[in-house]
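Residue numbers (this note's numbering), protein chains in the order written: chain A, 594 to 795; chain B, 594 to 795; chain C, 594 to 795; chain D, 594 to 795.
No residue lacks a Cβ here, since even glycine has one placed at the ideal position from N, Cα and C.
In this text the structure is predicted, and so the values were computed from the model without any measurement.
There are 4 protein chains.
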Amino acid sequence: MTRRETLLDAAIALFAEKGYNGTSTSEIVEKAGVAQGTLFYHFKNKEGMLLTILENILNEYLQDMEEVASVTQSGLMTVENLIRCSTHFRQTRSLELLVLMRDFPADLIKPDSPQMMFIIEFFKRFYDLFKNAIDRGQKDGSIRKISSEKYTHILLGMLSGMDRHILLGPLPTPALTEEIVSFCCSALSPPGIDPVSHERRS
Amino acid sequence: MTRRETLLDAAIALFAEKGYNGTSTSEIVEKAGVAQGTLFYHFKNKEGMLLTILENILNEYLQDMEEVASVTQSGLMTVENLIRCSTHFRQTRSLELLVLMRDFPADLIKPDSPQMMFIIEFFKRFYDLFKNAIDRGQKDGSIRKISSEKYTHILLGMLSGMDRHILLGPLPTPALTEEIVSFCCSALSPPGIDPVSHERRS
Amino acid sequence: MTRRETLLDAAIALFAEKGYNGTSTSEIVEKAGVAQGTLFYHFKNKEGMLLTILENILNEYLQDMEEVASVTQSGLMTVENLIRCSTHFRQTRSLELLVLMRDFPADLIKPDSPQMMFIIEFFKRFYDLFKNAIDRGQKDGSIRKISSEKYTHILLGMLSGMDRHILLGPLPTPALTEEIVSFCCSALSPPGIDPVSHERRS
Amino acid sequence: MTRRETLLDAAIALFAEKGYNGTSTSEIVEKAGVAQGTLFYHFKNKEGMLLTILENILNEYLQDMEEVASVTQSGLMTVENLIRCSTHFRQTRSLELLVLMRDFPADLIKPDSPQMMFIIEFFKRFYDLFKNAIDRGQKDGSIRKISSEKYTHILLGMLSGMDRHILLGPLPTPALTEEIVSFCCSALSPPGIDPVSHERRS
DNA sequence: CATGAATGAGCTTTCATTCAT
DNA sequence: GATGAATGAAAGCTCATTCAT
């Protein structure tokens with residue numbers, strides 16, 4: 594593993610545990626076992642580390658999600674599987690996701706900065722994934738007639754909220770994946786049709 | 594307005610805008626128009642200000658919610674109105690809520706500290722509010738048979754997620770209150786019964 | 594007890610325990626159960642409290658010692674009894690003596706200030722007490738021929754050193770009074786004459 | 594001279610002159626001609642500087658004394674030479690000794706801290722040095738039959754008291770070394786034997 | 001006499017960053 | 001590529017003191 598990667602791993606662990614502001618560069622280099630100067634040789638500054646971490650995780654997140662969305666199936670099934678993918682991602686990449694949740698939106702990401710542009714761009718593509726799935730579901734009859742814009746916002750808010758609740762909340766939380774899927778499908782399925790997709794699955 | 598209140602208001606505005614860590618005590622006293630020492634006369638330290646703000650907002654939040662829950666009605670209606678109350682609170686107290694969302698769980702609130710006890714206590718009562726409503730709904734037939742524990746976690750995660758998405762998210766968001774209510778009611782109502790309670794309301 | 598006395602007592606206890614610099618005026622007023630302003634009503638400032646305490650203790654100390662010295666007896670006996678008096682004073686007024694030992698010479702007592710004049714005046718009288726006794730002892734034959742100036746300095750240094758060693762030293766110390774007396778008398782008695790004055794006493 | 598040494602020298606001079614509490618870190622770095630941060634790069638904190646100074650001086654002090662004690666000679670001669678060594682140390686290292694005398698026992702050295710352990714350990718070894726010499730002197734007949742424990746305490750208290758009296762006292766003091774030696778030897782020698790060892794010396 | 005809210009200068013300390021090697 | 005000594009701005013906080021009541 595290169596020194597750069599060692600540094601990133603150390604930063605991810607520390608940012609996840611103590612937050613960006615709660616972590617000093619000294620702690621990072623100590624945990625990584627390199628000298629102070631090395632950090633600033635490989636990264637422009639401390640903020641550069643955070644941005645690198647966030648961009649990496651967001652790109653991988655989006656890639657996984659877009660792959661799921663590219664499979665041909667009903668709109669509702671796409672939404673279901675996006676939810677499952679998102680949950681799975683949270684379970685496998687909880688450390689990086691903690692960094693994201695703790696420190697974004699961070700004070701250090703200035704409005705109109707390239708970094709903010711990147712973040713907004715990411716959120717838009719994330720938004721589009723769900724929006725397109727819902728639109729398709731309304732055409733193929735798997736999703737009831739509701740405002741796809743508004744319901745997309747609800748799904749986005751809900752999913753990130755669940756991640757936060759589970760990873761950062763003060764209350765111990767049971768496994769919830771399929772309940773979240775059911776919850777959303779009940780709300781999205783056309784009236785009278787009871788979604789049992791998660792039973793069909795397995 | 595006393596100096597203490599002036600200071601709290603200044604801190605709320607700045608914490609909401611720039612976060613706790615991004616705000617210096619100098620900025621607070623400058624905005625409040627008092628001397629540095631005055632802050633530390635009225636509060637133990639900077640963290641004491643944050644705690645005061647958080648305790649105030651959480652207490653008022655809980656009070657509003659418990660008042661809503663105390664009205665006799667069906668379990669589902671109670672859930673609906675809790676959601677509306679929560680949304681209304683977000684709209685009227687967005688500044689304080691921003692402070693809460695930005696800076697909790699903060700690294701500065703140590704596990705097992707009295708502060709953390711207070712926060713956990715608050716979350717438990719918040720949890721119980723929804724849990725009791727769902728349990729009652731399952732008895733009175735207004736809510737389908739699901740795990741009330743799990744669905745309570747989903748509602749909590751969802752509501753805080755929506756607050757964050759709307760108040761802190763990088764995407765502009767339309768008004769969503771009744772859609773959130775519908776979304777949840779669809780997921781909670783017994784199968785086959787389409788919830789239209791929010792139309793009945795008005 | 595007047596508020597002024599209450600404040601002095603609180604200050605003595607705290608200065609003895611934590612030193613002048615380690616004690617804040619807030620602590621003093623809290624322990625005394627009065628308001629901040631009261632301290633500054635009764636004393637010019639914090640330093641004024643210390644000076645008052647030091648002057649009181651030094652005056653009483655000197656008074657006791659001068660009374661002992663005024664009794665007609667041999668020079669050596671006077672020295673002996675001065676030592677015993679000093680020791681007794683340490684045992685009965687250890688708190689005030691701790692204040693003196695911890696905080697004098699304090700940085701706050703400026704050279705050539707009236708306070709310093711007072712302190713120097715005190716030391717001179719203290720010095721004279723021993724010096725006169727030794728001089729008298731050399732005349733009456735109870736004390737050997739040595740430099741009374743130098744031996745006075747030795748006695749002064751020794752006595753204050755023993756006080757410090759016993760009251761502030763890190764090592765537990767046994768009762769030493771008569772040994773100190775013997776030690777000094779052996780050094781002061783004319784050669785060949787073994788002092789047993791502390792046996793004669795009792 | 595390294596920056597670390599420069600800083601230590603500046604601190605010694607200032608602590609000796611104005612005391613630990615009376616000296617600000619700004620003064621130290623100014624006197625040393627380095628930046629504020631440099632102090633905290635080389636030392637954990639201000640207290641760390643004091644501890645470093647104290648440990649250095651105590652170690653050297655003890656080393657000198659133990660070297661003196663290791664020379665084979667009568668018990669009384671050992672005591673004499675320990676006194677001379679102590680006096681010589683005070684004369685050559687008065688600055689560091691002033692720091693020690695002004696600021697120890699300092700409120701900042703917590704009971705049971707490693708620092709306090711170190712200090713107590715030092716005092717014990719210092720104590721043993723004199724105790725062993727007296728015990729040996731009682732065996733070889735050069736020292737009278739007295740409690741070696743008690744007389745050791747007296748010697749320790751006396752020597753530190755003389756240091757304080759001479760270095761910190763408000764009265765000008767003449768040279769006293771041989772008088773202190775005589776004083777102690779008279780008190781320690783067996784009755785009837787007049788010690789003139791300091792004349793034999795030279 | 002007594003109060004206590006208010007002050008602000010000054011303190012110690014942290015930490016991201018630089019740069020000569 | 002890598003180092004780590006050095007930096008200095010900025011932070012949170014303490015505390016003796018003042019003064020209107």
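Beta-carbon proximity of L688 (chain A) to I605 (chain A), cut-off 8 Å:
yes
Which residue marks the beginning of the alpha helix (DSSP H) containing R849 (chain C), and which one marks its end?
Lying outside 594 to 795, the shown extent of chain C, residue 849 (chain C) is not represented and no answer is given.
How long is the line joining the alpha carbons of I702 (chain B) and L651 (chain D), rounded to whole angstroms?
Computed Cα separation, rounded: 42 Å.
Quick one: is P707 (chain C) near chain D, going by C-beta distance under 8 Å?
Interface residue (Cβ-Cβ distance to chain D less than 8 Å): P707 (chain C) is not classified as such.
Contacting residues, own chain, Cβ-Cβ under 7 Å from N718 (chain B) (five flanking each side not counted):
In the sequence on display, residue 718 (chain B) carries Arg and not Asn. Cβ-Cβ distances below 7 Å link R718 (chain B) to L655 in the same chain, with the five nearest sequence neighbours on each side left out; the list follows chain order.
Since T616 (chain D) contacts L607 (chain D) with CB under 8 Å, what's their CB separation in whole angstroms?
4 Å
Are G668 (chain B) and I727 (chain B) touching if we call contact CB-CB under 8 Å?
yes
Nearest chain A C-beta to A780 (chain B) closer than 8 Å, yes or no?
yes
Measuring alpha carbon to alpha carbon, tell me which of A:L764, A:M694, A:S775 and A:E648 ends up nearest M710 (chain A).
A:E648
Among A:G734, A:M594, A:M755 and A:G750, which has the Cα closest to the Cα of R757 (chain B)?
A:G750
Ignoring anything shorter than 4 residues, give me the alpha helix (DSSP H) runs that lie fully in the segment 714 to 772 of chain A, in order along the chain.
741 to 761
Can you tell which of C:G626, C:I646 and C:R737 has its C-alpha closest to the C-alpha of I712 (chain C)?
C:I646
Option nearest C778 (chain C) by Cα separation, candidates C:L769, C:S753, C:R737 and C:P767:
C:R737
How close, in whole Å, do the beta carbons of L748 (chain B) and F723 (chain B) come, if the pair is a contact with beta carbons under 8 Å?
5 Å
Does K637 (chain A) come out as helix, strand or coil in the three-state DSSP assignment?
The three-state secondary structure of K637 (chain A), taken from DSSP, is coil.
Quick one: what does DSSP say M594 (chain B) is sitting in, helix, strand or coil?
coil
Measure the CB-CB distance between T631 (chain C) and T770 (chain C) and report whether it falls below 8 Å.
no
S740 (chain B) touches chain A at which residues, Cβ-Cβ below 9 Å?
P767 and E772
May I ask which residues mark the beginning and end of the alpha helix (DSSP H) holding S679 (chain C)?
G668 to T685
Proximity winner among C:R597, C:D733 and C:T766, relative to E742 (chain D) (alpha-carbon distances)
C:T766
Which of helix, strand or coil does DSSP assign to S855 (chain C)?
This structure leaves residue 855 (chain C) out entirely; chain C is present only between 594 and 795.
So what does DSSP say about I786 (chain B), is it helix, strand or coil?
coil
Report the rounded CA-to-CA distance for A780 (chain D) versus A780 (chain C), giving the unit in angstroms.
5 Å
8 Å is my cut-off, CB to CB: does N652 (chain D) come that close to chain C?
no
Would you kindly check if the distance between the Cβ of A603 (chain D) and the Cβ of K637 (chain D) is under 8 Å?
no
Could you check the C-alpha separation between K732 (chain A) and S782 (chain A) for me, to the nearest Å?
13 Å
Against G730 (chain D), what residues of chain C qualify as contacts under a CB-to-CB distance less than 8 Å, listed in chain order?
Within 8 Å Cβ-Cβ: nothing; G730 (chain D) doesn't reach chain C, min ~15 Å.
How far does the alpha helix (DSSP H) with V622 (chain B) in it reach, from first residue to last?
T618 to A625
Please list the residues of the segment 607 to 639 of chain A that have a C-beta atom closer than 7 Å to any C-beta atom in chain B, keeping them in chain order.
K611, G612, N614 and G615
Assign M755 (chain C) to buried or exposed, taking buried as 16 or more other Cβ atoms, counted over all protein chains shown, within 10 Å of its Cβ.
buried
Quick check on M544 (chain A): buried or exposed, where buried means 16 or more other Cβ atoms within 10 Å of its Cβ?
As shown, chain A starts at 594 and ends at 795. That puts residue 544 (chain A) outside it, with no answer to give.
DSSP-derived helix/strand/coil call for N652 (chain C)
helix
Straight-line CA distance for H791 (chain A) to G785 (chain A)?
Any answer about H791 (chain A) is weak, because its pLDDT of 43 lies below 50 and its placement is not dependable; what the coordinates show is given next. Straight through space, the alpha carbons of G785 (chain A) and H791 (chain A) are spaced by roughly 17 Å.
Where does F697 (chain D) sit, in a helix, a strand or coil, going by DSSP?
coil
Cβ neighbour criterion (16 or more within 10 Å) applied to S740 (chain D):
exposed
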